[in-house]
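Chemist: Please see the structure below; I have some questions.
Protein chains: 2
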Amino acid sequence: MSSSILDGMAGIVGAKNVIVDPDAMVPYLREWRDLFRGKAQAIVRPGSTAEVAALVKLAAETGTTLVPQGGNTGLVGGQIPVADGREIILSLQRLDKVRAVDVEGDTMIVEAGVTLQRAQDAAEAAGRLFPLSLASEGSCTIGGNLSTNAGGTAVLAYGNARELCMGLEVVLADGRIWNGLKQLRKDNTGYDLKNLFIGAEGTLGIITAAVLKLFPLPAARATAFLAVPGPEEALALLNAAKAGAGGTLTTFELMPRIGLDFVLRHASGTRDPLSEPSPWYVLMEVSAQSAAGLDEAVETFLGEALENGLVTDAALASSLNQRADFWKLREMLSEVQTYEGGSIKHDVSVPLHATPEFLARAIATVEQMVPGCRPIPFGHLGDGNIHFNVSQPVGSDKAAFLARWEEMNHAVHAIVSEMHGSISAEHGIGRLKRYLLPGVKDPVELDLMRTLKATLDPKGILNPGAVL
Amino acid sequence: MSSSILDGMAGIVGAKNVIVDPDAMVPYLREWRDLFRGKAQAIVRPGSTAEVAALVKLAAETGTTLVPQGGNTGLVGGQIPVADGREIILSLQRLDKVRAVDVEGDTMIVEAGVTLQRAQDAAEAAGRLFPLSLASEGSCTIGGNLSTNAGGTAVLAYGNARELCMGLEVVLADGRIWNGLKQLRKDNTGYDLKNLFIGAEGTLGIITAAVLKLFPLPAARATAFLAVPGPEEALALLNAAKAGAGGTLTTFELMPRIGLDFVLRHASGTRDPLSEPSPWYVLMEVSAQSAAGLDEAVETFLGEALENGLVTDAALASSLNQRADFWKLREMLSEVQTYEGGSIKHDVSVPLHATPEFLARAIATVEQMVPGCRPIPFGHLGDGNIHFNVSQPVGSDKAAFLARWEEMNHAVHAIVSEMHGSISAEHGIGRLKRYLLPGVKDPVELDLMRTLKATLDPKGILNPGAVL
Chain F
1 MSSSILDGMA
11 GIVGAKNVIV
21 DPDAMVPYLR
31 EWRDLFRGKA
41 QAIVRPGSTA
51 EVAALVKLAA
61 ETGTTLVPQG
71 GNTGLVGGQI
81 PVADGREIIL
91 SLQRLDKVRA
101 VDVEGDTMIV
111 EAGVTLQRAQ
121 DAAEAAGRLF
131 PLSLASEGSC
141 TIGGNLSTNA
151 GGTAVLAYGN
161 ARELCMGLEV
171 VLADGRIWNG
181 LKQLRKDNTG
191 YDLKNLFIGA
201 EGTLGIITAA
211 VLKLFPLPAA
221 RATAFLAVPG
231 PEEALALLNA
241 AKAGAGGTLT
251 TFELMPRIGL
261 DFVLRHASGT
271 RDPLSEPSPW
281 YVLMEVSAQS
291 AAGLDEAVET
301 FLGEALENGL
311 VTDAALASSL
321 NQRADFWKLR
331 EMLSEVQTYE
341 GGSIKHDVSV
351 PLHATPEFLA
361 RAIATVEQMV
371 PGCRPIPFGH
381 LGDGNIHFNV
391 SQPVGSDKAA
401 FLARWEEMNH
411 AVHAIVSEMH
421 GSISAEHGIG
431 RLKRYLLPGV
441 KDPVELDLMR
451 TLKATLDPKG
461 ILNPGAVL
Chain B
1 MSSSILDGMA
11 GIVGAKNVIV
21 DPDAMVPYLR
31 EWRDLFRGKA
41 QAIVRPGSTA
51 EVAALVKLAA
61 ETGTTLVPQG
71 GNTGLVGGQI
81 PVADGREIIL
91 SLQRLDKVRA
101 VDVEGDTMIV
111 EAGVTLQRAQ
121 DAAEAAGRLF
131 PLSLASEGSC
141 TIGGNLSTNA
151 GGTAVLAYGN
161 ARELCMGLEV
171 VLADGRIWNG
181 LKQLRKDNTG
191 YDLKNLFIGA
201 EGTLGIITAA
211 VLKLFPLPAA
221 RATAFLAVPG
231 PEEALALLNA
241 AKAGAGGTLT
251 TFELMPRIGL
261 DFVLRHASGT
271 RDPLSEPSPW
281 YVLMEVSAQS
291 AAGLDEAVET
301 FLGEALENGL
311 VTDAALASSL
321 NQRADFWKLR
331 EMLSEVQTYE
341 GGSIKHDVSV
351 PLHATPEFLA
361 RAIATVEQMV
371 PGCRPIPFGH
381 LGDGNIHFNV
391 SQPVGSDKAA
401 FLARWEEMNH
411 AVHAIVSEMH
421 GSISAEHGIG
431 RLKRYLLPGV
441 KDPVELDLMR
451 TLKATLDPKG
461 ILNPGAVL
């Protein structure tokens with residue numbers, strides 16, 4: 001039976017686009033941190049929306065389970081089947097056309113397999129900005145970005161993937177195609193279907209194309225690397241900067257000294273922009289549609305912040321190279337942690353006002369749990385989203401430390417829940433956090449989610465084992 | 001049976017909050033333009049979310065149909081039952097608490113019955129901006145704004161009601177309460193339920209409270225009243241202004257000369273800010289978080305626009321009074337049409353790039369259909385949203401003109417559909433446009449909507465006859 005399904009799929013996409021060779025399947029079944037090693041019957045690579053629809057229809061008729069996959073960069077295993085090996089990975093990578101760029105309307109239509117980098121480039125070639133930006137942008141795809149409602153470093157001003165999408169084309173669980181590729185900034189003609197599929201991690205339908213919002217390229221940017229006494233001052237600085245830094249606050253990233261130490265130690269060509277060490281730092285960027293006066297306004301703002309103690313030292317980038325240097329300090333922060341042994345990770349958010357309290361409580365909790373451990377909480381303070389990563393104590397046993405992953409997650413997530421936060425601010429649920437969901441979700445909400453899944457995918461063929 | 005239901009409801013909300021007196025019911029059954037005259041068994045006014053939940057539970061058990069209502073300002077009859085008089089209007093007006101304003105977190109929690117004006121005032125009292133703004137803000141409510149995904153004059157920069165909402169509290173069709181009042185800027189833990197209820201016009205659940213996003217108050221605004229040769233130049237001006245008017249473009253409203261004529265004729269205390277008449281005008285506002293240099297930047301921008309012919313004359317407000325005068329010209333535009341006889345209305349959107357072509361085709365079509373009719377297309381050009389209103393020919397018979405409402409709608413909507421636009425950009429579907437939906441919606445989308453309705457409100461007790 002199984003081979004007849006693969007034959008049927010080969011009839012739709014061509015034999016060369018059905019991969020069953022174990023070696024050739026590896027890149028689709030392993031992810032870069034090697035946290036997930038999956039099993040699948042085959043990798044099937046459709047080349048068009050019609051082919052995706054035909055594949056899903058065949059899967060629905062035969063009860064075959066499908067796991068949609070984009071660039072395979074997801075951090076929670078939503079794209080990797082780990083069950084009995086009967087699933088088929090449906091790779092969207094060949095749906096890689098930029099269908100249209102509408103400069104006057106500030107939109108573009110791209111297929112699911114277009115990488116984020118290519119989407120950014122297509123916008124820039126038309127003199128526009130597609131602001132979504134994240135570490136894996138060279139290989140992650142728009143379909144994956146939308147299916148996980150990706151965040152990144154530009155959410156503060158432009159929103160996450162959800163807010164950057166105006167319309168979708170989706171293959172439903174029965175193989176029908178919903179054409180919702182609307183280029184409309186306003187459309188109040190019924191229920192919002194788009195947002196049901198965004199962030200659903202391929203469990204309710206398969207996104208095949210999207211209308212994305214474009215923005216004017218900023219005429220000027222001012223980028224500052226700031227020393228701040230602590231998270232409370234950083235939060236006060238954030239609110240002051242939103243109101244009066246002289247432009248649109250587009251970046252506000254927090255990092256602790258130990259994170260900067262890791263970067264300076266392990267990332268070549270980096271140096272501390274400031275002369276004295278500080279317990280905490282903020283990377284701040286302000287954008288404007290007019291260059292006139294931006295640097296002066298930011299300098300005035302920082303002068304006041306230095307005077308009232310929200311900032312203790314500041315470096316303002318005076319060139320594009322210096323801007324890139326400042327950004328590198330932030331961008332390397334994830335990668336360098338791998339050189340310091342095991343790291344237990346959390347991707348959490350709390351209401352903005354609660355971020356300082358969360359940091360104090362979570363740091364105290366993990367330090368009590370594993371004396372000598374090294375918390376590296378960093379990330380998108382402007383969104384209340386902290387990547388609360390904890391590196392192992394110096395010289396300790398890596399495996400023994402990582403064995404406490406669940407225990408530590410549990411303790412940190414308990415604080416998050418008490419503060420009405422989220423245990424997955426931007427990475428999604430996937431297979432990694434699926435088992436945590438019943439513990440943190442309102443039962444009514446979980447029941448509604450299950451009802452929607454049963455309604456939209458009654459046979460359970462789309463990404464089983466992810467999210468729910 | 002019916003009276004036992006009202007007795008049951010009186011037991012929940014108190015007898016004085018069950019209105020059955022026909023005169024006392026009138027304000028809930030008629031809307032201000034008198035387009036809808038409804039019939040209902042009673043008006044029930046709960047005072048808390050728990051009371052709403054108990055009422056809905058009782059309704060579900062007894063198969064009683066409910067029509068939720070906020071400020072009764074909707075323009076498509078979504079809030080007014082017009083069937084056999086057995087429906088009960090569930091007025092949310094007594095849920096009128098501002099539960100919390102979180103200044104540091106830039107959010108506030110308000111109940112459904114809080115008027116938009118009060119929400120704006122509560123934000124401003126805390127030194128923040130709640131940007132949603134529309135003509136009926138003195139009486140429309142947040143619950144209604146969210147249920148209809150209201151638009152208005154600040155969508156260009158801040159988004160519509162959907163984008164201004166971070167979380168919801170909703171009473172489901174079986175009387176359960178979903179507490180989704182999250183104050184999180186990022187939360188990727190499952191399906192997006194919030195956006196399913198926003199814009200659903202009370203047919204999937206009853207919104208009882210919401211978390212709203214707040215923004216810094218702009219430090220400065222520059223407001224200009226501009227003469228433009230035509231819609232094409234207005235569109236080019238819009239794109240130029242988004243990129244380089246020296247701040248955030250927060251308003252870009254188009255109006256034709258005849259609209260200005262109507263305002264000058266009927267609205268006291270108005271005058272033409274420009275010395276020569278122009279076929280079209282734009283009200284443009286640019287906001288900034290720093291006053292320094294804004295006026296100069298806008299002047300430079302307008303100087304260039306005058307030079308390259310996108311603008312033929314310009315007045316920049318030099319005082320708050322003058323700003324108010326410019327805004328009044330735009331704000332009176334709806335009301336003054338009533339003094340010029342019958343008016344056939346359309347609330348449409350098309351992709352931004354298609355707005356000039358739409359205007360040309362729609363104007364030609366209605367002028368051919370009713371020679372001498374006076375098209376007054378105006379509104380939110382920045383969103384591709386045109387209120388395409390058509391006044392009767394001078395001296396013609398009002399009733400005879402209005403008798404052609406459906407025929408004219410049909411012709412205009414046919415153009416909209418050809419251009420992949422929307423027949424209800426911001427007002428919703430309600431009962432007015434319900435019958436138009438099958439003609440313009442993708443059948444797959446309509447089927448998904450019906451499936452969701454059947455899943456979330458299986459007994460069909462919530463706002464029957466609206467939307468679907």
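Chains F and B supply the protein sequences, listed in that same order. Going by full-length UniProt numbering, the first sequence opens with residue 1, and the numbers climb by one from there. Going by full-length UniProt numbering, the second sequence opens with residue 1, and the numbers climb by one from there. C-beta atoms are modelled at their ideal positions from N, C-alpha and C, and glycine is treated no differently. Just so we're clear, the structure is a prediction, and the values are computed from it rather than from any experiment.
Does DSSP put tyrosine 281 of chain B in a helix, a strand or coil?
Modeler: Taking the second sequence and counting its residues from 1, one reaches residue 281 of chain B at position 281. Tyrosine 281 of chain B: strand per DSSP, three-state reduction.
Chemist: Against chain F, with Cβ distances strictly below 8 Å, would serine 422 of chain B count as a contact?
Modeler: Position 422 of the second sequence, counted from the first residue, corresponds to residue 422 of chain B. By this cut-off, serine 422 of chain B is an interface position.
Chemist: Please list, in chain order, the chain F residues whose beta carbon lies closer than 8 Å to that of isoleucine 198 of chain B.
Modeler: By 1-based counting over the second sequence, the position of residue 198 of chain B is 198. Those are Asp192, listed as they occur along chain F.
Chemist: Can you give me the Cβ contacts of alanine 173 of chain F inside the same chain, cut-off strictly under 8 Å, excluding the 5 residues immediately before and after it?
Modeler: In the first sequence, counting from the first residue as 1, residue 173 of chain F sits at position 173. Excluding sequence neighbours, alanine 173 of chain F sits near Val56, Ala60, Leu204, Gly205, Leu456, Asp457, Pro458, Lys459, Ile461, Leu462.
Chemist: Using DSSP with H/G/I as helix, E/B as strand and the rest coil, what is leucine 66 of chain B?
Modeler: Here residue 66 of chain B corresponds to residue number 66 of the second sequence, with the count starting at 1. Strand at leucine 66 of chain B.
Chemist: With three or more C-beta pairs closer than 8 Å as the rule, is the region 249-267 of chain F touching the region 289-304 of chain F?
Modeler: The region 289-304 of chain F vs the region 249-267 of chain F: no contact.
Chemist: Taking only beta carbons into account, state which residues of the region 369-396 of chain F come closer than 9 Å to chain B, listed in chain order.
Modeler: Listed in sequence order: His380, Gly382, Asp383, Gly384, Asn385.
Chemist: At a CB-CB cut-off below 7 Å, which residues of chain F make contact with proline 216 of chain B?
Modeler: As a working note, residue 216 of chain B is residue 216 in the second sequence. Going along chain F in sequence order, the residues near proline 216 of chain B (Cβ under 7 Å) are Lys242, Ala243.
Chemist: Would you mind reading off the limits of the beta strand (DSSP E) that contains tryptophan 178 of chain F?
Modeler: Here residue 178 of chain F corresponds to residue number 178 of the first sequence, with the count starting at 1. It spans 177-180 - the beta strand (DSSP E) in which tryptophan 178 of chain F sits, taken as one unbroken run.
Chemist: Just how far apart, CA to CA, sit histidine 420 of chain B and lysine 182 of chain F?
Modeler: Translated into the one-based positions of the second sequence, residue 420 of chain B becomes position 420. Translated into the one-based positions of the first sequence, residue 182 of chain F becomes position 182. Near 7 Å, if we compare the C-alpha coordinates of lysine 182 of chain F and histidine 420 of chain B.
Chemist: With respect to the alpha helix (DSSP H) encompassing aspartate 295 of chain B, which residues constitute its N-terminal and C-terminal limits?
Modeler: Along the second sequence, one-based indexing puts residue 295 of chain B at 295. Aspartate 295 of chain B -> alpha helix (DSSP H) spans 294-307.
Chemist: Give the single residue among B:Asp34, B:Val18, B:Ser4, B:Gly38 whose Cα lies nearest to the Cα of glycine 465 of chain B.
Modeler: The residue you call residue 465 of chain B lines up with position 465 of the second sequence. Glycine 465 of chain B has its Cα closest to that of B:Gly38, out of B:Asp34, B:Val18, B:Ser4, B:Gly38.
Chemist: Only counting the same chain, and skipping five residues up and downstream in sequence, which positions put a Cβ closer than 7 Å to that of histidine 266 of chain B?
Modeler: As a first step, residue 266 of chain B must be located in the second sequence, where it is residue number 266. The answer, listed in chain order, is Val336, Tyr339.
Chemist: Give a yes or no on whether 8 Å exceeds the smallest Cβ distance from proline 351 of chain B to chain F.
Modeler: Numbered from its first residue, the second sequence carries residue 351 of chain B at position 351. By this cut-off, proline 351 of chain B is an interface position.
Chemist: In chain order, what residues of the region 174-190 of chain B put their CB closer than 9 Å to some CB of chain F?
Modeler: Against chain F - using a Cβ distance shorter than 9 Å - the residues of the region 174-190 of chain B are Arg176, Ile177, Trp178, Asn179, Gly180, Leu181, Lys182, Gln183, Leu184, Arg185, Lys186, Asp187, Asn188, Thr189, Gly190.
Chemist: Any C-beta of chain B within less than 7 Å: which residues of the region 448-461 of chain F qualify?
Modeler: So the close ones are Leu448, Met449, Thr451, Leu452, Thr455.
Chemist: Could you list which residues in chain B have their beta carbon closer than 7 Å to that of asparagine 160 of chain F, in chain order?
Modeler: Indexing the first sequence from 1 puts residue 160 of chain F at position 160. Correct list: Lys186.
Chemist: Is the CB of leucine 432 of chain B under 8 Å away from at least one CB in chain F?
Modeler: To locate residue 432 of chain B, count along the second sequence from 1; it is residue 432. No - not a single Cβ of chain F is within 8 Å of the one on leucine 432 of chain B.
Chemist: For leucine 437 of chain F, decide whether its Cβ has a neighbour in chain B, counting only Cβ atoms nearer than 8 Å.
Modeler: Position 437 of the first sequence, counting from 1, holds the residue named residue 437 of chain F. Judged by the 8 Å Cβ criterion, leucine 437 of chain F is in contact with chain B.
Chemist: May I have the straight-line CA-CA distance separating threonine 64 of chain F from alanine 200 of chain F, to the nearest angstrom?
Modeler: Mapped onto the first sequence, residue 64 of chain F falls at position 64. Mapped onto the first sequence, residue 200 of chain F falls at position 200. Each residue's Cα considered, the two are about 20 Å apart.
Chemist: Starting from methionine 166 of chain F and walking both ways along the beta strand (DSSP E), at which residues does that stretch end?
Modeler: Taking the first residue of the first sequence as 1, we reach residue 166 of chain F at position 166. It spans 165-172 - the beta strand (DSSP E) in which methionine 166 of chain F sits, taken as one unbroken run.
Chemist: Just the chain B side, please: which residues come within less than 8 Å of glutamine 289 of chain F by C-beta, in chain order?
Modeler: Start at 1 with the first residue of the first sequence, and residue 289 of chain F comes out as number 289. Neighbours of glutamine 289 of chain F on chain B, chain order: Lys242, Ala243, Gly244, Ala245, Gly246, Gly247, Thr248.
Chemist: Near proline 273 of chain B, which residues of its chain fall below 6 Å by C-beta distance, leaving aside the five closest residues on each side in sequence?
Modeler: Taking the first residue of the second sequence as position 1, residue 273 of chain B is located at position 273. So the qualifying residues of the chain are Phe225, Ala315.
Chemist: So which residues on chain B does aspartate 106 of chain F lean against when the C-beta distance must stay under 7 Å?
Modeler: In the first sequence, the residue the question calls residue 106 of chain F occupies position 106. Leu352, listed in chain order.
Chemist: Using a threshold of 8 Å, state whether the C-beta atoms of methionine 408 of chain F and valine 366 of chain F are closer than that.
Modeler: By 1-based counting over the first sequence, the position of residue 408 of chain F is 408. By 1-based counting over the first sequence, the position of residue 366 of chain F is 366. Yes, the pair counts as a contact, with Cβ atoms nearer than the cut-off.
Chemist: Classify methionine 419 of chain F as helix, strand or coil using the three-state DSSP reduction.
Modeler: Indexing the first sequence from 1 puts residue 419 of chain F at position 419. In the structure shown, methionine 419 of chain F sits in coil (DSSP, three-state: anything other than H, G, I, E or B).
Chemist: Taking methionine 255 of chain F as part of the beta strand (DSSP E), name the residues at either end of that continuous run.
Modeler: As a working note, residue 255 of chain F is residue 255 in the first sequence. Counting along the chain, the beta strand (DSSP E) containing methionine 255 of chain F begins and ends at 248-256.
Chemist: With which residues is glycine 428 of chain B paired in a DSSP beta bridge?
Modeler: Within the second sequence, the letter at position 428 stands for residue 428 of chain B. Answer is none; glycine 428 of chain B lacks a bridge partner.
Chemist: Should alanine 398 of chain B be flagged as near chain F, meaning a C-beta pair shorter than 8 Å?
Modeler: Residue numbering aside, residue 398 of chain B sits at position 398 when the second sequence is read from its first letter. A small fix is needed here, since residue 398 of chain B is lysine in this sequence, not alanine. No, lysine 398 of chain B does not count as interfacial toward chain F.
Chemist: Cβ of leucine 437 of chain F within 8 Å of Cβ of leucine 446 of chain F?
Modeler: Reading the first sequence from its first residue, position 437 is the one you call residue 437 of chain F. Reading the first sequence from its first residue, position 446 is the one you call residue 446 of chain F. It is a contact, given that the beta carbons lie within the stated cut-off.
Chemist: If you draw a straight line from the C-alpha of aspartate 106 of chain B to the C-alpha of phenylalanine 358 of chain B, how long is it?
Modeler: Within the second sequence, numbered from 1, the residue matching residue 106 of chain B stands at position 106. Within the second sequence, numbered from 1, the residue matching residue 358 of chain B stands at position 358. Whole-angstrom Cα-Cα distance: 39 Å.
Chemist: Going by the beta-carbon positions, is the gap between leucine 129 of chain F and threonine 153 of chain F smaller than 8 Å?
Modeler: Mapped onto the first sequence, residue 129 of chain F falls at position 129. Mapped onto the first sequence, residue 153 of chain F falls at position 153. No, the pair does not count as a contact, with Cβ atoms beyond the cut-off.
Chemist: Of all Cβ atoms in chain B, is any one closer than 8 Å to the Cβ of alanine 362 of chain F?
Modeler: For the purposes of this step, residue 362 of chain F is identified with residue 362 of the first sequence, where counting begins at 1. So no, alanine 362 of chain F is outside the interface.
Chemist: Here's the rule I'm using: 16 or more other beta-carbon atoms within 10 Å means buried, otherwise exposed. How should arginine 450 of chain F be labelled?
Modeler: By one-based count along the first sequence, residue 450 of chain F stands at place 450. It counts as exposed.
Chemist: Does any C-beta atom of chain F lie closer than 8 Å to the C-beta of isoleucine 429 of chain B?
Modeler: Walking along the second sequence from the start, residue 429 of chain B turns up at place 429. Yes - at least one Cβ of chain F is within 8 Å of the one on isoleucine 429 of chain B.
Chemist: So, with DSSP's three-state summary, where would you put glycine 379 of chain B?
Modeler: The residue you call residue 379 of chain B lines up with position 379 of the second sequence. Reduced to three states, the DSSP call for glycine 379 of chain B is strand.
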